[in-house]
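Residue numbers (the numbering used here), protein chains in the order written: chain A, 26 to 283; chain B, 79 to 370. For each residue, glycine too, the CB sits at the ideal point set by N, CA and C. Remember, it's a predicted structure, so these values are computed and weren't measured experimentally. Structure first, commentary second.
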């Protein structure tokens, strides 16, 4: 049994939306019993910008390092105006930052800015994802079932990236900024990258092409037989991969394809 | 059971923030509890939950929510409520609290949550709404929650219900408790141009029903000129004015759990412990005077 009627709730919702719009615009509002002048709206907006900036500093440390504090805060404002947060958890906000960076003036000086931002976000998400421990019993399927009918589900923290920039070096640059960041250069062929979290710390690793193709195939739920038929002739080491994958908690489960 | 109980009859805690994890969690400090912002531990996995588990081994926890927004006309999503209730179930905190504010809203059809504590209009209709929301939250967490008074940067009209009356009625309707934030009162008194902020804060405290206050927050803010807007930035030591009002509050409400909050320009952990020690001394002295 609720006390407030749906009409009253709607009227309150409209008033609260008006206040939010004024705060985001930094403009005065007079509505019903409430008065907010522009200076007061700016106080709220400033608080929100600071929280937004602080949140993005956690999730995009490389971008923060490359842009510096002032440009980074301006970036936070751009994102706030374009995609205001809606989840009640600042840690979930920022997915669209790489898209905002596509048109950022610093992208000319740092052409790797967007892929670096994508890597920052992947690392951030991997660090927050639920632990999905290996379902040990499902490994038996490898002994009993036809590989044609089997695939491997990777842990939720695993993701793949491909870039012609040395993204691991660029991400590590934030810890040792002696190097000129404009010296990171593009390579002929794309470099394949695995983001994963063996325990609490997210790790990054460049992959050989066959390892990358194998992981990509698993992400696409291809059968083990199909993938091994494609990759074994070129020397893919499946037992070695399984050993690495189990030690680093890359595998959630082996499962039959339905 | 954490071993930090029983330093005195007072119950004094500190807000635990990321910068202090290493110092605070390497060995227990002389505190009765630590308070964390619940939303910082919403992640499904990773290091943050391990940090909270470690904190719970050393200290009694208090979960302070900053995002549920019980004043929101747009309903709090079930998922967020579940995240809070899951943490409450898992860590069995001493206290669970949020603010008299709204956070969930919309721009057109787009949902928005700005992460800021936005003021509610103190009308009968909004009191009905907040009461419904507090009922829903308390049902979800299966315990009493505390509602904190906020610092507000809007002007409330004289036609609105006084804040103390509004909060008292909320307590009567929902059986929630109150989290008395004295620094927020000082900030509001400054921003309202009060002739005597101290008198205003004390009158506000005296207007609350005895027994309603379940926790007190103490903090400091960056000083500004009298004609400038003060911002509740939790960046300074507790002011002398706030200490005096705190002494008055514990004489009135007893030795309720008291927290030192510091969120920006964080000092060394030892500075927070000094502030906590002072709160303990003020609480013991003032409640002793009240008993005599």
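Shown here, residue 180 of chain B sits in a strand according to DSSP, grouped into three states. The three-state reading of DSSP puts residue 123 of chain B in coil, since its state is none of H, G, I, E or B. Residue 194 of chain B sits buried, since 16 or more C-beta atoms from the chains shown fall within 10 Å of its C-beta. In the DSSP assignment, the residues bridged to residue 56 of chain A are A/59. When Cβ pairs closer than 8 angstroms are counted between the two stretches, the segment 251-266 of chain A is seen not to touch the segment 155-173 of chain B, the count staying below three.
Between the segment 263-271 of chain B and the segment 225-235 of chain B there are three or more C-beta pairs closer than 8 angstroms, enough to call the two in contact. The beta-carbon distance between residue 147 of chain A and residue 125 of chain A, rounded to whole angstroms, is 17 angstroms. This is too long to meet the 8 angstroms contact definition.
For residue 346 of chain B, there is no enclosing alpha helix (DSSP H), as DSSP gives it neither H nor E. In the three-state reduction of the DSSP assignment, residue 246 of chain B falls in the helix class. Residue 335 of chain B is not a Cβ neighbour of residue 103 of chain B, given a cutoff of 8 angstroms. Not flagged as an interface residue toward chain A: residue 302 of chain B, since no C-beta distance is shorter than 8 angstroms. Listed along the chain, the chain B residues whose CB falls inside 9 angstroms of the CB of residue 89 of chain A amount to none; the nearest CB is some 16 angstroms away.
Its chain contains 181 as the residues whose beta carbon lies nearer than 7 angstroms to that of residue 155 of chain A, once the 5 sequence neighbours on both sides are disregarded; these appear in chain order. Using a CB distance cut-off of 8 angstroms, residue 152 of chain A counts as an interface residue toward chain B. Contact of residue 191 of chain B with chain A by beta-carbon distance below 7 angstroms involves 110, 111, 112, 113. In the DSSP assignment, the residues bridged to residue 314 of chain B are B/298. With 16 or more neighbouring CB atoms inside 10 Å of its own CB, residue 76 of chain A falls in the buried class. By the C-beta density criterion, residue 26 of chain A is exposed, having fewer than 16 other C-beta atoms within 10 angstroms.
When 9 angstroms is used as the limit between beta carbons, residue 76 of chain A is near these residues of chain B: 192, 193, 194, in chain order. Beta-carbon to beta-carbon, residue 93 of chain B and residue 341 of chain B are separated by about 7 angstroms, close enough to satisfy the 8 angstroms threshold. Sequence-distant partners of residue 338 of chain B (beyond 5 residues in either direction) whose C-beta falls short of 8 angstroms from its own C-beta, in its chain, are 90, 91, 92, 93, 296, 297, 316, 350, 353, 354, 357. Between residue 123 of chain B and chain A, the shortest Cβ-Cβ separation is below 8 angstroms. Here residue 179 of chain B has 147, 149, 195, 196, 197, 198, 228 as same chain residues with Cβ atoms under 7 angstroms from its own Cβ, once five neighbours each way along the sequence are excluded. Bounds of the beta strand (DSSP E) holding residue 278 of chain A are 276-281.
Within the segment 154-175 of chain A, the residues whose Cβ lies closer than 9 angstroms to some Cβ of chain B are 154, 155, 156, 157, listed in chain order. Under the DSSP assignment, residue 231 of chain A falls outside any alpha helix (DSSP H), being part of the beta strand (DSSP E) whose first and last residues are 228-232.
For residue 134 of chain A, the CB contacts under 7 angstroms within the same chain, skipping 5 residues up- and downstream, are 207 in chain order. At a beta-carbon threshold of 9 angstroms, none of the residues of chain A lie near residue 164 of chain B; the nearest stands roughly 12 angstroms away. For the pair residue 272 of chain A and residue 171 of chain A, the Cα-to-Cα distance works out to about 25 angstroms. Collapsing the DSSP output to three states places residue 239 of chain A in a helix. When C-beta atoms of the segment 217-226 of chain B are compared with those of the segment 245-254 of chain B, three or more pairs fall below 8 angstroms, so the two segments count as touching. Across the set B/363, B/347, B/170, B/263, the C-alpha of B/347 shows the shortest separation from the C-alpha of residue 107 of chain B. The closest CA to that of residue 230 of chain A, considering only A/216, A/239, A/238, is found on A/216. For residue 256 of chain B, the beta-bridge partners assigned by DSSP are B/225, B/291.
With fewer than 16 other CB atoms across the displayed protein chains lying within 10 angstroms of its CB, residue 246 of chain A is exposed. Buried is the label assigned to residue 152 of chain B, since at least 16 other Cβ atoms lie within 10 Å of its Cβ.
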